[in-house]
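Structure record follows, encoded as structure tokens.
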Amino acid sequence: MIRINYQSKETSLPDPQSGLTVVELLVVMMVSLILMGVVTSFGLDYWATTATLKTDQETFVSRLNAGDYLRGAVNSASGLISQNDLADAHVGNADTSDVSGTHWTVIHAIPGTITMGASGTMTPLVYFNRPSVDTSKNIVLNGAITYQDDVVLYLNGTTKQLLARTIANASAANNRAVTSCPPSLASQSCPADAVIADDISSVTMRYFSRSGNTIDYTSVVDGTTGQFIGPDFPSVEVVEFNLKLFRKAQLHNGSDTNNQTVIRVALRN
């Protein structure tokens, strides 16, 4: 008879209650922190990039709106003027020589850059007048002369906007135009000035003849101030606006938005 002896061999199994060692725990924590950092960084960068693209898109829309308004309004204007002809009850930058306080400061057709002023300031950019039109869209005449409304383009240092103030000619019967007011004083009878563009940092102005030659602003000297004033606005046939827009990034790692657009408009004169 053959006898076979079986010997049991015990297998050593890990203790399910033992957990991780300190070294293993540190490794897991380090790997987790690295992965969390990568994911968080990616999320913040993606968020900042999205915000920057959104801002770029908004300033692009602002540039398009400014181009549409300026081309339409200035092209239909009778001409650029050195000062508003009609009295304005809410002048933002008054002519110090005008005791009535209803006229904006005088400007001339001198090329240059007008920077956005500090909060609480209003800086005139250009003035122009345009024919008064009645509610039936007919030009209102005073005999053989056309009634004129005034428009003031100015920079608002508080809101960083380019705005347009309309001064309607009260003598024009059934005038379709309505005089506007600063946004803070707007009412049903006096709507807020039209916003032409947001986030404006500066505007560079240039003036040309219809042949494309720049106006020689040194050909005439102001007898009072001694400054060059050129042949002035009656000689301007083309005006150029170079709008520069700036918006600071609102998120970490976001890019500041810097854009500009050049708008050149031929006048009817």
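Its first residue numbered 64, the sequence shown is counted upward by one per residue in our numbering. Positions of the beta carbon are idealized from the N, C-alpha and C atoms, including for glycine.
Asked	Found
Between 160, 200, 156 and 167, which lies nearest to residue 180 when the distance is taken from Cα to Cα?	156
Between the stretch 218–231 and the stretch 267–274, do three or more beta carbon pairs fall short of 8 Å?	no
Quick one: residues in its chain with C-beta nearer than 6 Å to the C-beta of residue 137, no 5 flanking neighbours on either side, listed in chain order?	328
Closest by CA to residue 144, which one among 325, 298 and 305?	298
Of all the options 240, 252 and 167, which has the alpha carbon lying nearest to the alpha carbon of residue 211?	240
What did DSSP end up calling residue 283 once you bin it into helix, strand or coil?	coil
Let's see if you can read the secondary structure: which residues bound the beta strand (DSSP E) around residue 343?	Because the chain is modelled from 64 through 332, residue 343 falls outside the range shown and cannot be assessed.
Give me the Cα-Cα distance between residue 88 and residue 126, rounded to the nearest whole angstrom.	56 Å
So, using beta-carbon positions, are residue 242 and residue 230 closer together than 7 Å?	yes
Tell me the residue span of the beta strand (DSSP E) that contains residue 322.	320–329
Taking all protein chains shown into account, decide if residue 308 is buried (16 or more other Cβ within 10 angstroms of its Cβ) or exposed.	buried
Could you check if residue 195 is buried or exposed, using at least 16 other CB atoms within 10 Å of its CB as the buried criterion?	buried
Along the chain, where does the beta strand (DSSP E) containing residue 192 start, and where does it finish?	185–194
Between residue 97 and residue 85, what straight-line distance do the alpha-carbon atoms span, to the nearest angstrom?	18 Å
When you compare only the Cα positions, how much space is there between residue 188 and residue 94?	59 Å
Name the one or two DSSP bridge partners that residue 238 has.	197
Could you have a look at residue 84 and say whether DSSP puts it in helix, strand or coil?	coil
Just grab the DSSP bridge partners of residue 244 for me.	255
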